[in-house]
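S.K.:
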Amino acid sequence: MANKYYKDNREFIKGLDEAGLLVTVEQEVDWDLEMGAVVRRVCEMKGPAPYFRNIKDYPGFEALGAPLATHSKLALALGLAPDTPIPDIGRSYTERTGGTPIDPVEVSRASAPCKQNVILGDDVDLFDLPGPMVHDGDGGRYLATWHMVVSREPDSGDINWGMYRQMVFDEKTMVGPVLPFSDMGKMFCNKYVPRNQPMPFATVIGMDPLSGIAACAPSPIPEDQFTGMMMGEPVELVKCETSDLMVPAHAEIVIEGEVLPGINMLEAPFGEYTGYRTSPREPRAVYRVKAITYRDRPILAVSNMGIPTDEGQLLRSFSLGLEMEKLLRSQGIPITGVYMLPESTHHLVVVGTRPAYAGIASQIAQLVFGSKLGPWFHQVMVVDNTTDIYNVNEVIHAFSTRCDPANGIHIYRNSAGTPLNPYSSPADRKVGRGSKVLFDCLFPLDWSRADTPILVSFATAYPKEVQERVLEQWSNYGFGE
Amino acid sequence: MIEYDTFFMGEPSDVLQDEVTEIVIRDLTPGRHKYRCAYAEVRLSSDADKYPHRLWPRLGRGQWVGEAWSVEVVREVNKIPEAWR
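If you read the protein sequences in the order shown, they are chains A and B. Per the numbering used here, the very first residue in the first sequence carries number 1; after that it's consecutive. Per the numbering used here, the very first residue in the second sequence carries number 482; after that it's consecutive.
1. Just to confirm the assignment, what range does the beta strand (DSSP E) spanning B/Ser526 have?
2. Across which residues does DSSP place A/Ile292 in a beta bridge pair?
3. Which first and last residues belong to the alpha helix (DSSP H) in which A/Gly15 is found?
4. Beta strand (DSSP E) containing A/Ala144: first to last residue?
5. Which partner residues of A/Asn160 appear in the DSSP bridge assignment?
6. Output the boundary residues of the beta strand (DSSP E) element that contains A/Tyr412.
7. Check whether chain B comes within 7 Å of A/Gly176, counting only Cβ atoms and requiring the distance to be less than that.
8. Report the residues of the stretch 499-510 of chain B with a CB closer than 8 Å to any CB of chain A, ordered along the chain.
9. What does A/Glu34 pair with, by DSSP beta-bridge criteria?
10. Short of 8 Å in beta carbon distance, which residues of its chain neighbour B/Arg517, apart from the five on each side in sequence? Order them along the chain.
11. At 3 residues or longer, and completely inside the stretch 310-373 of chain A: list those beta strand (DSSP E) runs for me, N to C.
12. According to DSSP, what are the bridge partners of A/Gln166?
13. Tell me where the alpha helix (DSSP H) around A/Tyr93 begins and ends.
14. Under 7 Å between the Cβ atoms of A/Tyr164 and A/Val150?
15. Nearest CA to the CA of A/Lys436: which residue from A/Gly60, A/Trp146, A/Asn385, A/Ile409?
16. Can you confirm whether B/Tyr485, when its beta carbon is compared against all beta carbons of chain A, has any partner nearer than 7 Å?
17. Whole angstroms are fine: how far does the CA of A/Leu64 sit from the CA of B/Val555?
18. Report the residue from A/Lys290, A/Pro375, A/Arg284 whose alpha carbon sits nearest the alpha carbon of A/Val254.
19. Please name the residue, chosen from A/Phe127, A/Asp451, A/Glu18, A/Asp8, that lies closest to A/Ser211 on a Cα-to-Cα basis.
20. Establish whether the CB of B/Trp565 and some CB of chain A are separated by less than 7 Å.
21. Please classify A/Ala217: is it buried, with 16 or more other beta-carbons within 10 angstroms of its beta-carbon, or exposed?
22. Closer than 9 Å by beta-carbon distance: list the chain B residues that pair up with A/Phe169, in chain order.
23. Could you pull out every residue in the same chain whose Cβ sits closer than 7 Å to the Cβ of A/Leu22, ignoring the five residues on either side in sequence?
24. What are the boundary residues of the beta strand (DSSP E) that A/Gly434 is part of?
25. Taking all protein chains shown into account, decide if B/Phe488 is buried (16 or more other Cβ within 10 angstroms of its Cβ) or exposed.
26. Assuming A/Phe377 contacts A/Leu455 under a Cβ cut-off of 8 Å, what Cβ separation, rounded to an integer in Å, is found between them?
27. In this structure, how does DSSP classify B/Asp486 when only helix, strand and coil are distinguished?
28. Under 8 Å by Cβ, that's how I've got A/Trp146 and A/Pro67 pegged, so tell me the actual separation to the nearest angstrom.
29. Are the C-beta atoms of B/Arg542 and some chain A residue less than 7 Å apart?
30. Where do the ends of the alpha helix (DSSP H) carrying A/Lys186 lie?
31. Is A/Gln331 close to the ligand GTP? I mean its beta-carbon at under 6 Å from any heavy atom of the ligand.
32. Mind listing, in chain order, the continuous beta strand (DSSP E) runs of no fewer than 3 residues lying wholly within the stretch 216-251 of chain A?
33. Determine the direct distance from the alpha carbon of A/Glu95 to that of A/Thr386, and round the result to whole angstroms.
34. Given that a residue counts as buried once 16 or more other Cβ atoms are within 10 Å of its Cβ, and exposed if not, what is A/Tyr462?
35. With distance defined between alpha-carbon atoms, name the residue in A/Gly257, A/Pro444, A/Pro209 nearest to A/Arg10.
36. On the three-pair Cβ rule with 8 Å, is the stretch 240-256 of chain A touching the stretch 268-283 of chain A?
Following this line, the structure appears as structure tokens:
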């Protein structure tokens, strides 16, 4: 049975509007920094999504900013009430994605709105699209900030949807990092480059929100099937113009072409998800564009990476944390939950566990650092089952009071990292090397009950009947409801 | 006169001046094609009046240097192999 979801970007815009999570901007906005500045401020304020109806130099184009940069927008995208608590959003995601994968369905070109306009070959000009200059100091205009890149493994036929930033270099060329440990990087570096074979790609901009969530999720399930699981029915795809790749039929804009082997061109700097411009201008992968298709009056989707919270931070934290939870539960670890703080730019994950045996925190850290999720984060904090992992105050309290600086902090050197880590030395960034750390916030099991400190809080330091009486009398004391 | 900018990978004092050198220039002409990049063989100078076009330097992470240089574009260089253009 289908879940409640939004079939395309336009239905989602209506949903955001009805929920009070949208601001429609009718006045002209400049694609050159102004649009980026609005979206950036919205991210920092956790505000409603701006829907730009009038973009300078680009009549007929519109843009949606910060489409999923808050938990309320994420809840809405999943068909839930905007005020759904974070753990309940997570439960809905886990339930939907824990069943049988649902294959996508192919629709005809005539049924695919993304084919309403088709530009091919010599007529292709990336500057005909309103790619924003997102931040002052960026290396170029980034058309692809909230999008997905479709690619295929040449031997197995496995499909990947992922978010790989792309800077417009010239009319037919985009450039961007394809990190070798990423899913698309493994395909490109291990298969296409050794064969000197261009890799077909399709960049999809303004897809339905669940396809976007799938593209962010580090799940082993192919993203087209994963999207179907979240929808509760098959996602509709249509074949590309220049390759056999399939893209969501209801997307706003599709850019097709090939990633070229054996050649790199300068890309960046760019304001990145860590909140810094860390990676320098460097030679990176080259996307040669052969076709652009788009809906009538297309709506570009614009995210703006910087200090928290943007959709990259929010959704990567959300899905990384929940995929880690699946991994740990599959290994029988008695965890109570996993939460990756978006404010940490998906670098810090908090794991709640029943301290069932000695060394459990190290086991948890080694499992998650050793998984395919490992390169994307470097801090694991393990707390016990009395700590609410979603409550930052409780997490900070647990860390500050239970993590022994001498015995509770474990450092793992020479691990896989990314060139984007601001804390890494320039030499480590160059080769994508990093360090990782475990903060073990569990009291040792060999302490006797008499020697173990007792948490003092309203919930733990008073008998149940006293708590109930205080709560009943709260307004009578004069505190209000 | 066309205005360009470019990103210096090191310090401006290390940049080779008045000899043909290859850099990436960005066209700052207002309009749809603003920020179009191109590899180009150029001569450049920290003297803002020496060559016909203006060049605004930035450092490797986008820092604005603030003082205009000048540039002569000898030719654009297409880095894409012929077979894949």
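Cβ atoms here follow ideal geometry from the backbone N, Cα and C, with glycine treated the same way. None of the values given here were measured: they were computed from a predicted structure.
M.R.: Taking the coordinates as given:
1. 517-526
2. A/Ile119, A/Ile255
3. Looking at the DSSP string, the run of the alpha helix (DSSP H) that includes A/Gly15 is 9-18.
4. Counting along the chain, the beta strand (DSSP E) containing A/Ala144 begins and ends at 141-144.
5. A/Ser151
6. 409-416
7. Not closer than 7 Å to any Cβ of chain B, the Cβ of A/Gly176 fails to qualify, so no.
8. Val505, Arg507
9. The partner list for A/Glu34 (beta bridge, DSSP) is empty, contrary to what the question assumes.
10. Arg507, Asp508
11. Those beta strand (DSSP E) runs which fall completely within the stretch 310-373 of chain A and span 3+ residues are 335-340, 348-353.
12. A/Ala144
13. Segment 86-96, the alpha helix (DSSP H) holding A/Tyr93.
14. no
15. Ranking A/Gly60, A/Trp146, A/Asn385, A/Ile409 by CA distance to the CA of A/Lys436 puts A/Ile409 first.
16. no
17. If you take the alpha carbons of B/Val555 and A/Leu64, they lie about 41 Å apart.
18. A/Lys290
19. A/Asp8
20. yes
21. buried
22. Val505, Arg517, Cys518, Ala519
23. Ile13, Leu16, Pro48, Ala49, Tyr51
24. 433-440
25. buried
26. That belief does not hold up - the Cβ atoms of A/Phe377 and A/Leu455 are roughly 28 Å apart, past 8 Å.
27. strand
28. 6 Å
29. At least one chain A Cβ lies under 7 Å of B/Arg542.
30. 183-187
31. The ligand content of the structure shown is nil, which means the ligand GTP is not present either.
32. You should have 236-239, 246-248.
33. If you draw a straight line from the Cα of A/Thr386 to the Cα of A/Glu95, it comes to about 24 Å.
34. exposed
35. A/Pro209
36. no
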